[in-house]
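Worksheet: one structure, shown below.
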Amino acid sequence: MLRNLQQVFTFNDAKKCLDYLSTVTDKRVFLVLTYAIENELLNQFLALAELEYIYLFGKEGILKKHNSKLIEISSIEELYSRLNKDMPSTTEEDRDTDFTSLKLTSTAKSIEELDDARLFIFYQFLTEVLLHLPKTDEIKENFISFCREKTNDNPTQQEILEKIIKNYKSSEAISEYTSTSCLHRLLNRTCRLGNIKDMFRMAFYMTDLYAQLKELHNEQSEWYKEQIDVYRGKAMLMGEFKKLAASIGDLVVTKSFLSTTTKREVAAMYSGRGTLDPEMVPAILHMKIDARRNETKPFAYIRYYSNVRADDEVLISLGTVFRVAEKNQTEGIDEFVLVRSDAEETLEREIKDGFHDQMRQDNVLSNVTSSADARERIEEVLDTMMSSSARAVKENVSRNDPFSFDA
Numbered sequence: 001m002l003r004n005l006q007q008v009f010t011f012n013d014a015k016k017c018l019d020y021l022s023t024v025t026d027k028r029v030f031l032v033l034t035y036a037i038e039n040e041l042l043n044q045f046l047a048l049a050e051l052e053y054i055y056l057f058g059k060e061g062i063l064k065k066h067n068s069k070l071i072e073i074s075s076i077e078e079l080y081s082r083l084n085k086d087m088p089s090t091t092e093e094d095r096d097t098d099f100t101s102l103k104l105t106s107t108a109k110s111i112e113e114l115d116d117a118r119l120f121i122f123y124q125f126l127t128e129v130l131l132h133l134p135k136t137d138e139i140k141e142n143f144i145s146f147c148r149e150k151t152n153d154n155p156t157q158q159e160i161l162e163k164i165i166k167n168y169k170s171s172e173a174i175s176e177y178t179s180t181s182c183l184h185r186l187l188n189r190t191c192r193l194g195n196i197k198d199m200f201r202m203a204f205y206m207t208d209l210y211a212q213l214k215e216l217h218n219e220q221s222e223w224y225k226e227q228i229d230v231y232r233g234k235a236m237l238m239g240e241f242k243k244l245a246a247s248i249g250d251l252v253v254t255k256s257f258l259s260t261t262t263k264r265e266v267a268a269m270y271s272g273r274g275t276l277d278p279e280m281v282p283a284i285l286h287m288k289i290d291a292r293r294n295e296t297k298p299f300a301y302i303r304y305y306s307n308v309r310a311d312d313e314v315l316i317s318l319g320t321v322f323r324v325a326e327k328n329q330t331e332g333i334d335e336f337v338l339v340r341s342d343a344e345e346t347l348e349r350e351i352k353d354g355f356h357d358q359m360r361q362d363n364v365l366s367n368v369t370s371s372a373d374a375r376e377r378i379e380e381v382l383d384t385m386m387s388s389s390a391r392a393v394k395e396n397v398s399r400n401d402p403f404s405f406d407a
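The numbering of the sequence shown is my numbering, which starts it at 1 and goes up by one.
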């Protein structure tokens, strides 16, 4: 029912709950109180910027207080109804971002307690599964019908996509990605929102794009420099900007394919500099990649396969792990430095190996006859994979990061 809810924490001590919520800086919080609390403590909860509503069973805690954040609830059914009403408008915009983070805290007792840990592992896992799906007529038809549905109100784009579908070749996946069609936007928005059903419907094209990217990466790896610097300019919504700014020192994973450039001046053109919208922040992502230690997720120079050669584009795969190192400001543009080094590569490999072992053990894709079967199998096994992969994340972070976890 509460499909938009990402995490639920329970506390028997209101003060401990307040202490935890005081550390949350990048999420919307909905608090349920089953009993009245002291007025001073209630005021402290109400002062939390990230807190949307407090749902309180019974009137005694509300009679003394008039605040728009306080909602009286009389039953579980009413609580569900209110949450479903209050949450949808707050979630899709939050999810439509380039990254999801794994916030490292010294108080977390397990990986499951870390912010966005489930989403972090979800993108790693789903990438592996989608790229191992067999190419079938059903998967192709799902892709075609999805494209038609999403362009139903745009005849121009629908006509362009129909031409792509008619003449489609797997070897031209990157070229189609950089074309004037909305294909790249459709793919990346679908990935960013993380809807499993929709991602499966894009799998036909996604697997071809990833395969061609990997092939190019292998061909180019011999002449890579030790470190590759690429840039991505983007006008960020204030919420996304604040979330990334609060993630300094943390890990992030790409939720979609990222178009970047080797030229900072090109990224600056796409950064939204000069915007008058107070809800938008001009930003550049400066990604530093240790090319010698990048084996699990591909990236490649695609200039000679692109329809926009002047951008000098480097395409980065979804599911790629970076660490947010620092934030600077140059020429009025905020710049985030993201690093991919041996530590991030090792972590990614450990998670990937764990997935492959679990997939073989559980025969995740054996006897799969349709994408619906695969989705159902994935949803069944995701929770068990979460715990085993989480251990790998925790152990790796403890070894390679100045942040540490309590035992």
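Every residue gets a Cβ at the ideal spot worked out from N, C-alpha and C, and that includes glycine. None of the values given here were measured: they were computed from a predicted structure.
Buried or exposed for Phe11, going by 16 or more other Cβ atoms inside 10 Å? The count along the sequence shown starts at 1 and reaches residue 11 at position 11. It counts as exposed.
The alpha helix (DSSP H) spanning Asp137 covers which residue range? One-based indexing of the sequence shown puts residue 137 at position 137. Counting along the chain, the unbroken alpha helix (DSSP H) around Asp137 starts and ends at Asp137 to Lys150.
Taking buried to mean at least 16 other C-beta atoms within 10 Å of its own C-beta, is Asp153 buried or exposed? Residue numbering aside, residue 153 sits at position 153 when the sequence shown is read from its first letter. Asp153 is exposed by the Cβ-count criterion.
How many Å lie between Ala310 and Ile302 at the Cα? Here the question's residue 310 lines up with position 310 in the sequence shown. Here the question's residue 302 lines up with position 302 in the sequence shown. Pairing Ala310 with Ile302, the inter-Cα distance amounts to about 11 Å.
Is it true that the CB of Val321 sits closer than 8 Å to the CB of Phe336? On the sequence shown, residue 336 is found 336 positions in, with the first residue counted as 1. On the sequence shown, residue 321 is found 321 positions in, with the first residue counted as 1. Taking a C-beta distance under 8 Å as the contact criterion, Phe336 and Val321 do not qualify as a contact pair.
Pair within 8 Å by beta-carbon distance, Ser173 and Gln212: Here residue 173 corresponds to residue number 173 of the sequence shown, with the count starting at 1. Here residue 212 corresponds to residue number 212 of the sequence shown, with the count starting at 1. The residue you asked about is not Ser; residue 173 is Ala in the sequence shown. Yes.
Cut-off 7 Å between Cβ atoms - residues of its own chain near Ser179, not counting five sequence neighbours on either side: As a position in the sequence shown, residue 179 is number 179, starting the count at 1. Within the same chain, Ser179 has close Cβ partners Asn307.
Using alpha carbons as the reference points, say which of Lys243, Asp290, Asn328 and Leu251 lies closest to Ile284. Position 284 of the sequence shown holds residue 284. Residue Asn328 holds the alpha-carbon nearest to the alpha-carbon of Ile284 among Lys243, Asp290, Asn328 and Leu251.
Do the segment 179-196 and the segment 213-227 make contact, defined as three or more Cβ pairs closer than 8 Å? no
Curious, which full-length alpha helix (DSSP H) runs of at least 4 residues does the segment 210-281 contain? Counting only runs that start and end inside the segment 210-281, the alpha helix (DSSP H) elements of at least 4 residues fall at 238-245 and 264-269.
Indicate, with yes or no, if the ligand SAM has a heavy atom lying under 7 Å from the CB of Leu315. This structure simply doesn't include the ligand SAM, nor any ligand for that matter.
Whose C-alpha, out of Tyr231, Tyr53 and Asp198, is nearest the C-alpha of Asp86? Taking the first residue of the sequence shown as 1, we reach residue 86 at position 86. It is Tyr53.
What are the partner residues of Val324, as DSSP defines its beta bridges? Here residue 324 refers to the residue found at position 324 of the sequence shown. According to DSSP, which records beta bridges pairwise, Val324 is partnered with Leu338.
DSSP on Thr330, reduced to helix/strand/coil? In the sequence shown, counting from the first residue as 1, residue 330 sits at position 330. Thr330: strand per DSSP, three-state reduction.
Shortest alpha-carbon distance to Leu70 belongs to which of Ala36, Lys242, Asp98 and Ser101? Position 70 of the sequence shown, counted from the start, is the residue given in the question as residue 70. Closest by alpha carbon: Ala36.
Selected residue, minimal CA-CA separation from Pro134, among Phe57, Lys263 and Ala203: Numbered from 1 along the sequence shown, position 134 holds the residue referred to as residue 134. With distances taken between Cα atoms, Pro134 lies closest to Ala203.
For the beta strand (DSSP E) holding Thr100, just list the boundary residues, first then last. For the purposes of this step, residue 100 is taken as residue 100 along the sequence shown, with counting starting at 1. Run containing Thr100: Phe99 to Leu102, per the beta strand (DSSP E) assignment.
Nearest candidate by alpha-carbon position, reference Phe146, set Leu186, Asp137 and Gly239: The residue you call residue 146 lines up with position 146 of the sequence shown. Considering only alpha carbons, the answer is Leu186.
Would you report the Cα separation of Asp334 and Thr97, rounded to the nearest angstrom? Here the question's residue 334 lines up with position 334 in the sequence shown. Here the question's residue 97 lines up with position 97 in the sequence shown. Roughly 17 Å separates the two Cα atoms.
Rounded C-alpha distance that separates Leu31 from Lys243: Working through the sequence shown from its first residue, we reach residue 31 at position 31. Working through the sequence shown from its first residue, we reach residue 243 at position 243. Straight-line Cα distance between these residues: approximately 21 Å.
What is the rounded straight-line gap between the Cα of Tyr55 and the Cα of Glu78? In the sequence shown, the residue the question calls residue 55 occupies position 55. In the sequence shown, the residue the question calls residue 78 occupies position 78. The alpha-carbon atoms of Tyr55 and Glu78 are separated by roughly 10 Å.
Using the C-alpha atoms, what's the distance from Tyr177 back to Thr261? Taking the first residue of the sequence shown as position 1, residue 261 is located at position 261. Taking the first residue of the sequence shown as position 1, residue 177 is located at position 177. Rounded to the nearest angstrom, the two C-alpha atoms are 15 Å apart.
Since I believe Glu348 is in contact with Thr296 (beta carbons under 8 Å), could you give me their beta-carbon distance rounded to a whole number of angstroms? Start at 1 with the first residue of the sequence shown, and residue 296 comes out as number 296. Start at 1 with the first residue of the sequence shown, and residue 348 comes out as number 348. 5 Å between Cβ atoms; contact.
Where Leu216 and Cys17 are concerned, what is the direct C-alpha to C-alpha distance, given to the nearest angstrom? Taking the first residue of the sequence shown as position 1, residue 216 is located at position 216. Taking the first residue of the sequence shown as position 1, residue 17 is located at position 17. About 50 Å.
Helix, strand or coil: how does DSSP classify Met287 here? The count along the sequence shown starts at 1 and reaches residue 287 at position 287. Strand at Met287.
What do you get for Val397, buried or exposed, if any count of 16 or more other CB atoms within 10 angstroms of its CB means buried? Working through the sequence shown from its first residue, we reach residue 397 at position 397. Annotation note: pLDDT 39 at Val397 (below 50); position unreliable, coordinate value reported separately. When all chains shown are included, Val397 counts as buried.
With a threshold of 7 Å on Cβ separation, who are the neighbours of Met206 within its own chain once the five nearest residues in sequence on each side are excluded? Position 206 of the sequence shown, counted from the start, is the residue given in the question as residue 206. Closer than 7 Å at Cβ, skipping near neighbours: Leu130 and Leu187.
Paired residues, beta bridge with Phe299 - DSSP: Numbered from 1 along the sequence shown, position 299 holds the residue referred to as residue 299. According to DSSP, Phe299 bridges with Ile316.
Less than 6 Å between C-beta atoms, sequence neighbours within five positions excluded: which residues of the same chain meet that for Tyr305? On the sequence shown, residue 305 is found 305 positions in, with the first residue counted as 1. Excluding positions up to five away in sequence, the list reads Ile174 and Ser175.
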